[in-house]
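Position one of the sequence shown corresponds to residue 3 (this note's numbering), numbered consecutively onward. Cβ coordinates follow ideal geometry from the N, Cα and C atoms, glycine included.
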Amino acid sequence: MSKEACKWHSRQVIPNGPMKSVLGVLAYLHCEGKLIFPSQAYLARETGLTDRSVRTALALLDAMGVVDRRHRSAGAKGRISDSYTLRLNQEFMFTRRQIRDTRNALRYRKQIPVGENSLPERGSFATGSAFRGIGEEQDKSTYQEGALKGVDSSVGYTREAGVVVPLRAIGGGAK
3 MSKEACKWHS RQVIPNGPMK SVLGVLAYLH CEGKLIFPSQ AYLARETGLT DRSVRTALAL
63 LDAMGVVDRR HRSAGAKGRI SDSYTLRLNQ EFMFTRRQIR DTRNALRYRK QIPVGENSLP
123 ERGSFATGSA FRGIGEEQDK STYQEGALKG VDSSVGYTRE AGVVVPLRAI GGGAK
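Here's what the structure looks like:
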């Protein structure tokens, strides 16, 4: 247990309960200069969360740059628990919007936040709710958060020349 890591954890502004809880357990397990590798089942037991919530929280913490997550393999035996390193030298202050945008970017892995022409660096976030697909033209944006714009969120939308138009499905199917 590292008192420094526990104090660091309490200073972080993360307005998401599962992320904060998982980070707290990782901070509690942290030992200076050593890798920690708790299983997701252990993290779920310690936090009282489901395995799925723990996986989501770990993916968000990794994508937002709070922890470094390294996948480990047992060779022919399969996977073993990942190793985690906390970034104790940085302070983090996230908003709910940043967490939501990151969650949506992870959900739709082929899409990136609108902003620069290249992929965003790890830990950088867009300020809007629009996401640009990789390889799309510069003037088109796909809206994944349609509820914010007053449109049906179950349908993908594209913005062309300032007009929101539903995306059409391509392919066959029963008529």
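Residue 76 counts as exposed, since fewer than 16 other C-beta atoms from the protein chains shown sit within 10 angstroms of its C-beta. Contact annotation, residue 66 with residue 15: C-beta distance approximately 12 Å; criterion of less than 8 Å not satisfied. Taking C-beta atoms as the reference points, residue 31 and residue 63 fail to come closer than 8 Å. The three-state reading of DSSP puts residue 90 in coil, since its state is none of H, G, I, E or B. Taken through DSSP and simplified to helix, strand or coil, residue 101 comes out as helix. Cβ-Cβ distances below 7 Å link residue 13 to 93 in the same chain, with the five nearest sequence neighbours on each side left out; the list follows chain order. For residue 69, the enclosing beta strand (DSSP E) stretches over residues 69-75. CA-to-CA, the gap between residue 79 and residue 103 works out to about 36 Å. In the DSSP assignment, the residues bridged to residue 95 are 15. Looking only at 7, 4, 20, the smallest Cα-Cα distance to residue 101 is reached by 20. The DSSP-derived three-state label of residue 109 is helix. The Cβ-Cβ distance between residue 7 and residue 60 does not fall below 8 Å.
In this structure, 4 is the residue among 109, 81, 4, 41 with its C-alpha nearest to the C-alpha of residue 34. If you draw a straight line from the Cα of residue 98 to the Cα of residue 23, it is about 16 Å long. Bridge pairing for residue 85: 72 [DSSP].
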